[in-house]
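**Q** Sequence order for the protein chains is A and B. Sequential numbering from 2 applies to the first sequence in the numbering used here. Sequential numbering from 2 applies to the second sequence in the numbering used here. Cβ coordinates follow ideal geometry from the N, Cα and C atoms, glycine included. Treat the numbers as computed from the prediction; the structure is a model and nothing was measured.
Protein chains: 2
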Amino acid sequence: MFFEGSEKKVEVVMTSNSDSLRSFDKGFWEKLVSLSNAEILSSIHNEQCDAYILSESSLFVWHDRFLMLTCGNSTLVNSIIGFLDAVNLDDIQSVKYQRHKEYHAHLQVSRFTDDAEKLKTVLNGKAYRVGHLDSHHHYVFHYQKSNEIKVSAVTELLMYHLSGEVANYLRSPNQTKEAINRLLKLDAWFSDFMIGEHLFKPFGYSVNGIAGDKYFTFHITPQESGSYLSFETNINLAEQQPRLLIGLLDIFKPGCWDVIQTNANEIVSSFEDTLCIGQCDLQIGQGNNIIFKQYQQPWHQQLTAVEL
Amino acid sequence: MFFEGSEKKVEVVMTSNSDSLRSFDKGFWEKLVSLSNAEILSSIHNEQCDAYILSESSLFVWHDRFLMLTCGNSTLVNSIIGFLDAVNLDDIQSVKYQRHKEYHAHLQVSRFTDDAEKLKTVLNGKAYRVGHLDSHHHYVFHYQKSNEIKVSAVTELLMYHLSGEVANYLRSPNQTKEAINRLLKLDAWFSDFMIGEHLFKPFGYSVNGIAGDKYFTFHITPQESGSYLSFETNINLAEQQPRLLIGLLDIFKPGCWDVIQTNANEIVSSFEDTLCIGQCDLQIGQGNNIIFKQYQQPWHQQLTAVEL
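1) Between the region 280-297 of chain A and chain B, which residues of the former have CB atoms less than 7 Å from a CB of the latter, in chain order?
2) According to DSSP, is residue 3 (chain A) helix, strand or coil?
3) Using only the alpha-carbon positions, how far apart do residue 307 (chain B) and residue 194 (chain A) sit?
4) Kindly list the residues whose CB is nearer than 6 Å to the CB of residue 142 (chain A), restricted to its own chain and excluding five residues on each side of it in sequence; keep chain order.
5) Please identify the residue among B:63, B:218 and B:58 whose C-alpha is closest to the C-alpha of residue 40 (chain B).
6) Indicate whether residue 139 (chain A) and residue 199 (chain A) have their beta-carbon atoms separated by less than 8 Å.
7) Closer than 8 Å is the cut-off here; do at least three beta carbon pairs connect the region 208-222 of chain B with the region 272-279 of chain B?
8) Below 8 Å on C-beta distance, what does residue 276 (chain A) contact in chain D?
9) By the 9 Å beta-carbon criterion, what residues does the region 123-134 of chain B contribute toward chain A?
10) Report the option in A:235, A:258 and A:64 whose CA atom is closest to the CA atom of residue 153 (chain A).
11) Could one say the Cβ of residue 114 (chain A) lies closer than 8 Å to chain B's Cβ atoms, at least one of them?
12) Whole beta strand (DSSP E) runs in the region 220-282 of chain B with 3 or more residues, listed along the chain?
13) Put residue 31 (chain A) into one of helix, strand or coil per three-state DSSP.
14) Pick from B:30, B:90 and B:48: whose alpha carbon is nearest that of residue 42 (chain B)?
15) From what residue to what residue does the beta strand (DSSP E) around residue 130 (chain B) run?
16) Classify residue 12 (chain A) as buried or exposed, calling it buried when 16 or more other Cβ atoms lie within 10 Å of its own Cβ.
17) What do you reckon, is the C-beta of residue 274 (chain B) under 7 Å from a heavy atom of the ligand ATP?
18) Applying a beta-carbon distance threshold of less than 9 Å, which residues of chain A neighbour residue 102 (chain B)?
19) Have a look at A:240, A:259, A:114 and A:96 and flag the residue whose alpha-carbon is nearest the alpha-carbon of residue 302 (chain B).
20) Can a CB atom of chain A be found closer than 8 Å to the CB of residue 304 (chain B)?
21) Check the DSSP bridge columns for residue 146 (chain B) and list the partner residues they point to.
22) Taking the alpha-carbon of residue 48 (chain A) as reference, which of A:155, A:75, A:214 and A:18 has the nearest alpha-carbon?
23) Can a CB atom of chain B be found closer than 8 Å to the CB of residue 144 (chain A)?
24) Tell me where the beta strand (DSSP E) around residue 123 (chain B) begins and ends.
25) Apply the 10 Å Cβ neighbour rule to residue 3 (chain B) and answer buried if 16 or more other Cβ atoms are within range, or exposed otherwise.
26) How do the region 74-88 of chain B and the region 233-252 of chain B stand: do at least 3 beta-carbon pairs fall below 8 Å, yes or no?
27) Between the C-alpha atoms of residue 137 (chain A) and residue 136 (chain B), what's the straight-line distance to the nearest angstrom?
28) Could you tell me the alpha carbon to alpha carbon distance between residue 157 (chain B) and residue 261 (chain B), rounded to whole angstroms?
29) If you draw a straight line from the C-alpha of residue 189 (chain B) to the C-alpha of residue 244 (chain B), how long is it?
30) Using 10 angstroms around the beta-carbon of residue 163 (chain B), count the other beta-carbons present and answer buried if the total reaches 16, otherwise exposed.
31) Would you mind reading off the limits of the alpha helix (DSSP H) that contains residue 178 (chain B)?
32) On the criterion of 16 or more Cβ atoms from any shown chain inside 10 Å, does residue 255 (chain A) qualify as buried, or is it exposed?
33) Give the straight-line distance between the Cα atoms of residue 16 (chain B) and residue 115 (chain B), rounded to the nearest whole angstrom.
34) Ignore the nearest five residues each way along the sequence and tell me which others in residue 283 (chain B)'s own chain have a CB closer than 8 Å to its CB.
35) Closer than 7 Å, Cβ to any Cβ of chain B: which residues of the region 239-266 of chain A, in chain order?
36) When DSSP builds the beta bridges, which residues end up paired with residue 10 (chain B)?
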C-alpha cells in the first residue's frame with residue numbers, strides 16, 4: 002500500500018479589498034478539493050474559520066486566506082491553479098506553496114519543479130529548495146504582490162520514524178479516535194478549540210482544531226515503512242505553548258524531525274541531547290522568512306537492515 | 002545534465018574448479034559491458050588482473066572473480082543476467098550486488114527491487130535494505146553457494162558534497178589528468194600500482210590501479226548539484242594504509258560520507274570531531290558481513306537554499 006504523509010501545502014492570502022473567501026459555497030470548495038483528487042469528509046465552523054477534514058489531509062478557509070494540506074499522490078497544484086482561474090488575479094496578495102521530500106518520489110504524479118513551472122505561468126513568483134538532495138529537503142514557491150500583508154506566522158513540526166508505545170498503538174487494530182485524541186493530549190494543549198477528526202482505515206488519523214482565527218492540525222501516517230506525523234499551527238507557541246513541541250516529541254518519540262517556522266518567533270533554540278543535523282534561514286522576500294531545522298535522536302544512528 | 006555517481010556494483014566469484022574468467026576474450030567483456038549501456042574505454046593488465054575503465058565506471062577481471070561498477074542510468078543487472086546466462090550456474094560461488102540511494106531516482110531506469118526480482122529468478126539469493134528511506138541508504142543482493150570461498154574483503158568510501166580547493170579545481174575548465182592524479186596523491190598512497198585513468202568531458206575522472214591481486218578505483222563526479230567521489234579497494238587498510246581514508250577526507254572535504262566494509266577489519270572506529278549519524282552491521286550469511294557507517298561534518302548542518 003502506498004501512502005505518503007501530508008507533504009504538500011499551500012496558503013493563499015487575498016488583498017484586503019477582495020471579497021470574503023467564506024462567501025464561496027461548499028460546492029466551490031468541493032470542486033477545488035476534487036482537483037487534488039481528494040474529497041471533503043467533514044467540517045467544523047466558527048465565526049472566523051471553516052475547517053474541513055479531507056480524504057487527503059485538511060482545508061482551512063478564513064475571510065482573507067485559505068490553507069490546504071494534501072498527502073499521498075494528490076495534485077495540490079491543480080487546486081491552486083483552479084483557484085487562481087476562479088478569482089481575479091489582482092485580488093491575490095500571496096501564495097506560498099511547500100512540498101517536502103517524498104519517501105516514494107517515483108510514485109508521485111508530479112515533481113516540485115513541474116508544479117513550480119505551472120504556477121509561474123500564472124504568478125511571477127520564486128521557487129527554492131532548502132536542504133541537500135540526499136537528506137530531508139523542502140521546496141517553497143512564493144509569490145507576493147506587496148508587503149501590505151505578510152504570509153501567516155506558522156510553526157510546523159514534522160516527525161519521522163515514530164517509536165514507542167504510542168506509535169505501536171497507532172499501528173494496532175481496533176484503535177479509536179477517542180484514544181488517539183487522549184494520547185495527543187488535545188484537551189490539555191488545546192482546551193478552548195473546536196475539534197474535527199477522522200480515523201482512516203486501516204490506519205491514519207487527522208484532526209483539525211479552530212478557536213477564533215487560530216488553528217492546529219495533526220496528520221498521522223503510522224505505517225512502519227515510513228511513519229510520519231505532521232503538526233502545524235498559527236498559535237504563537239513562544240508565548241502560549243512553549244513546551245508543546247517538546248511534549249509532542251515525548252509522546253511520539255520520532256527518530257528524527259524537522260521544525261519549519263514561517264515568520265514565527267523562534268521557540269526552539271535547541272532540543273536537549275539531540276543532534277541538529279541541518280538548519281537554514283530562508284528569506285523569501287517582502288520581509289518574510291522561513292527557518293528550517295532538522296534534528297535527530299542519537300539512537301537514530303543505529304540503522305536496521307530490512308530483508309526485502 | 003544528468004549524471005549519477007557510481008551507485009551500482011557487483012562482485013561475482015566462481016567456484017574453485019571452474020575455468021578462469023581471464024580465458025574469456027575481450028569481445029565477451031565488451032558485450033557484457035554493453036548490456037549495461039556502457040563501453041570499454043581503456044585497460045591495464047598484470048599477471049593476475051585485467052582492469053578496464055568504462056564509459057560508466059570500471060570492470061576488474063581476475064581468474065576466479067570479476068567486479069563491475071557502473072554509474073548514471075546504466076543497467077548493471079542486465080550484465081549480471083547476461084553473465085549468468087553465459088556460464089554454468091553451478092560454477093557460481095557468490096554474487097554480491099549493491100546499489101546506493103540515488104540523488105535522481107526518478108531518472109533511473111530500474112529500482113533495486115526490480116533488479117532483485119530479476120536476480121531471484123536465476124539465483125536463490127537474499128535482498129536487503131540498510132538505512133532509512135529518507136536518508137542515505139544502501140541495497141544489497143547476496144547469493145552464495147557455500148562458505149568454501151568468502152566474498153572479497155573490500156573497503157568503500159563514498160564522499161558527498163565535496164568542498165574546498167580540490168573540489169573547485171575538479172569543477173574548473175582545462176583540468177588535466179596529471180593534476181588530478183597529483184591531487185589524489187596516487188604516487189604516495191599507491192606507489193607500486195599500475196594505473197589506468199580517464200578524464201571525462203566536461204567533468205568527471207576515473208582511475209583504476211592494480212598490483213598483484215590488489216586493486217583500487219576512484220570515480221569522481223564533481224558537479225555541484227550532487228558532487229560525489231567513490232573509492233574502493235581490497236587492500237588491507239588497517240595493516241597497510243591506516244591513514245588513507247582520513248587523508249582522502251582531508252583532500253576532498255566532503256560534507257558527509259559513508260564507509261562500507263565487507264569482511265574487512267574495522268579501520269575507522271571514529272573520525273574525530275565528526276557526527277556518526279548512522280551505522281549498521283549486516284550479516285549476509287555464510288560468515289560474510291557488511292558494516293555501514295554514515296558520517297557528517299558539523300558544518301554540513303548549515304543548509305543552503307537554492308533558487309530553482
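**A** Concretely, from the data shown:
1) 280, 281, 283, 293 and 297
2) Confidence is the limiting factor: at residue 3 (chain A) the pLDDT is only 48, short of 50, which leaves the residue's position unreliable and the question unanswerable from this model.
3) 38 Å
4) 98, 117, 120, 126 and 128
5) B:58
6) no
7) no
8) Checking the listed chains, one finds no chain D in this structure; the protein chains it contains are A and B.
9) 127, 128, 129, 130, 131, 132, 133 and 134
10) A:235
11) yes
12) 229-234 and 257-263
13) helix
14) B:30
15) 127-131
16) buried
17) In the structure shown, the ligand ATP is absent, as is every other ligand, since no ligand is present at all.
18) 135
19) A:259
20) yes
21) According to DSSP, which records beta bridges pairwise, residue 146 (chain B) is partnered with nothing at all.
22) A:214
23) no
24) Neither: residue 123 (chain B) is in no beta strand (DSSP E) and is coded neither H nor E.
25) In this predicted model, residue 3 (chain B) has a pLDDT of only 48, less than 50, meaning its place in the structure is not dependable; the value taken from the coordinates is given anyway. The residue is exposed, with fewer than 16 neighbouring Cβ atoms inside 10 Å.
26) no
27) 7 Å
28) 5 Å
29) 12 Å
30) buried
31) 178-184
32) buried
33) 27 Å
34) 129, 131, 141, 290, 291, 292 and 293
35) none
36) B:70 and B:99
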